[in-house]
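Visitor:
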Amino acid sequence: MIASPAEPTVARAELGWVERVTILGTGLLCLGVLVVASGLRPNPAGVGSHRVMNLEPCTFLRTTGLPCPSCGMTTSFAWFVRGNLAASLYVQPMGTLLAAAAGMTFWAGLYVAATGKPVYRRLFEEVPPAYYVIVPLGLAIAAWAWKIFIHVRGVGGW
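When we follow the working numbering, the leftmost residue of the sequence shown carries the number 1235, and every step to the right adds one.
1. How close, in whole Å, do the beta carbons of Phe1314 and Gly1261 come, if the pair is a contact with beta carbons under 8 Å?
2. Does the stretch 1333-1349 come close enough to the stretch 1266-1278 that 3 or more CB-CB pairs lie under 8 Å?
3. Go to Trp1378, then tell me how far its alpha helix (DSSP H) extends in each direction, as first and last residue.
4. Within 8 Å, do at least three Cβ pairs link the stretch 1270-1281 to the stretch 1296-1309?
5. Taking the alpha-carbon of Gly1391 as reference, which of Val1346, Ala1320 and Leu1344 has the nearest alpha-carbon?
6. The alpha helix (DSSP H) that contains Ala1320, what's its start and end?
7. Do you know offhand how far Ala1348's Cα is from Arg1296's?
8. Indicate the three-state DSSP secondary structure (helix, strand or coil) for Gly1350 in the structure shown.
9. With the cut-off set at 8 Å, would you say Ile1382 and Pro1301 are in Cβ contact?
10. Would you kindly work out how many angstroms separate the C-alpha atoms of Phe1358 and Tyr1365, rounded to a whole number?
11. Do Leu1373 and Met1328 have their C-beta atoms within less than 8 Å of each other?
12. How about Arg1285 and Pro1291: do their beta carbons lie closer than 8 Å?
13. Smallest Cα separation from Ser1310: which of Thr1256, Ala1377, Pro1370 and Asn1288?
14. Among Arg1316, Arg1387 and Pro1352, which one has its Cα closest to the Cα of Gly1250?
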């Protein structure tokens, strides 16, 4: 039988156990990040929640007086896992998107590991590769601009 142009010519095989374990591991790492965030109290200042894990304060913020691109990410994740999406978006919009992506990656990882279906491949086939870099980079820059704006205005916390 001749395949029509709309049908793929290569059958999609199930993933092997190595791929399944790798994808499951990735999903579990993402879950781990969210679990850690659930144990952190969001800093009311909108930055610095990572300090309870004995991590250093932001050198960029300390040196320039302006938040770096990742300032507020931990606080945003901590608000996200508590279900306060408004606070998460406010303190660091990119943090909200990354926390949502971590949650989706966990559930997708479980599904792919359990079924062996490489469902993620369809996404990569249908979305032009330029969007993998341009859109996230644009969102990250916009989120950083927002963080600088609220910090300079003195309303950076929640």
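Note that the Cβ used here is the ideal one computed from N, Cα and C, for glycine as well.
Keep in mind that this is a model prediction, so the values were computed, not measured.
Guide: Judging by the given coordinates:
1. So it is not a contact: roughly 17 Å between Cβ atoms.
2. yes
3. Ala1364 to Val1386
4. yes
5. Ala1320
6. Leu1319 to Val1325
7. 46 Å
8. coil
9. yes
10. 10 Å
11. yes
12. yes
13. Ala1377
14. Pro1352
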